[in-house]
Amino acid sequence: MKKYDIKIGFEFIGPTETRRNTKYDFIHTMDGTRALIAASDLYGYGGFKFDVHHWQNSGAGVLDIHHLDPEYLLYIELNDGLKGYDIFTMPEFERELPFETGVTDIKGFLRALHKKGYQGPVAVEPWNNEIKNMPLDKAVQVVKHSLDRCLRLAEE
Numbered sequence: 001m002k003k004y005d006i007k008i009g010f011e012f013i014g015p016t017e018t019r020r021n022t023k024y025d026f027i028h029t030m031d032g033t034r035a036l037i038a039a040s041d042l043y044g045y046g047g048f049k050f051d052v053h054h055w056q057n058s059g060a061g062v063l064d065i066h067h068l069d070p071e072y073l074l075y076i077e078l079n080d081g082l083k084g085y086d087i088f089t090m091p092e093f094e095r096e097l098p099f100e101t102g103v104t105d106i107k108g109f110l111r112a113l114h115k116k117g118y119q120g121p122v123a124v125e126p127w128n129n130e131i132k133n134m135p136l137d138k139a140v141q142v143v144k145h146s147l148d149r150c151l152r153l154a155e156e
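Going by UniProt numbering, the first residue of the sequence shown is number 1, and it counts up by one from there.
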C-alpha cells in the first residue's frame with residue numbers, strides 16, 4: 001500500500017446493539033481503530049471511514065475528534081439516529097437523513113472536522129425505506145439538499 005500510495009479506510013461499528021449477539025467482538029471505538037492502524041504499520045495510509053452514527057454511538061465526542069490526527073480522516077458518512085434509543089440500544093441498520101431527528105450531534109461533528117481542516121469525501125447515508133422507495137430523481141434531490149445543508153453548517 002505504501003509503495004503505491006494507496007489508503008485504506010476502516011469503519012469501527014459503534015452501537016452496542018450490533019455487538020450484543022455476535023460470537024466475537026470487533027473494533028467499535030476510535031481508539032481501537034487507531035490501534036489496528038498502528039499494529040498494521042499503516043499510519044498515513046490507514047484511516048477512518050468515519051460514520052457520525054458510529055462515532056456518537058461508540059460514546060465518542062467532539063473532543064475525540066479534536067485529538068485525532070488529520071491523517072486519519074479519509075471519508076465521512078452523515079445520517080441521523082432514531083428517537084427513543086440510547087447508545088446501548090440504537091439499531092445499526094435504521095437511520096434518517098442528517099438533521100431529521102436531532103438525535104445525532106451532526107453540527108458538532110461537522111464543525112470539529114472543519115476545524116481539523118478536513119477536505120475529503122462526504123456522503124449522506126440514510127438507512128430507511130422512505131428514501132429507498134422514492135423515485136431515483138426525487139431521492140437524489142432530497143439527499144443532495146440534506147448534504148448541502150450539512151456542508152453549509154460545517155463552515156458556520
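Yeah, the Cβ is synthetic: ideal placement off N, Cα and C, and Gly gets one too.
{"Asked": "First and last residue of the uninterrupted alpha helix (DSSP H) at E156", "Found": "Here E156 belongs to no alpha helix (DSSP H), and DSSP marks it neither H nor E."}
{"Asked": "Length of the line joining the Cα atoms of D82 and E71", "Found": "Per the sequence shown, the amino acid found at residue 82 is Leu instead of Asp. So the alpha carbons of these two residues sit roughly 31 Å apart."}
{"Asked": "Proximal residues to F50 (C-beta, below 6 Å), its chain only, five neighbours per side dropped", "Found": "I76"}
{"Asked": "Opening and closing residue of the beta strand (DSSP E) in which V52 lies", "Found": "Premise fails: V52 lies in the alpha helix (DSSP H), 52-57, not in any beta strand (DSSP E)."}
{"Asked": "Straight-line Cα distance separating A154 from E125", "Found": "17 Å"}
{"Asked": "CA-to-CA distance, H114 to Q38, given in whole angstroms", "Found": "The sequence shown places Ala at residue 38, rather than the Gln named in the question. If I take the Cα positions, the gap works out to 25 Å."}
{"Asked": "Where G32 falls: helix, strand or coil (DSSP)", "Found": "helix"}
{"Asked": "Nearest-angstrom Cα separation, counted from D31 out to N129", "Found": "33 Å"}
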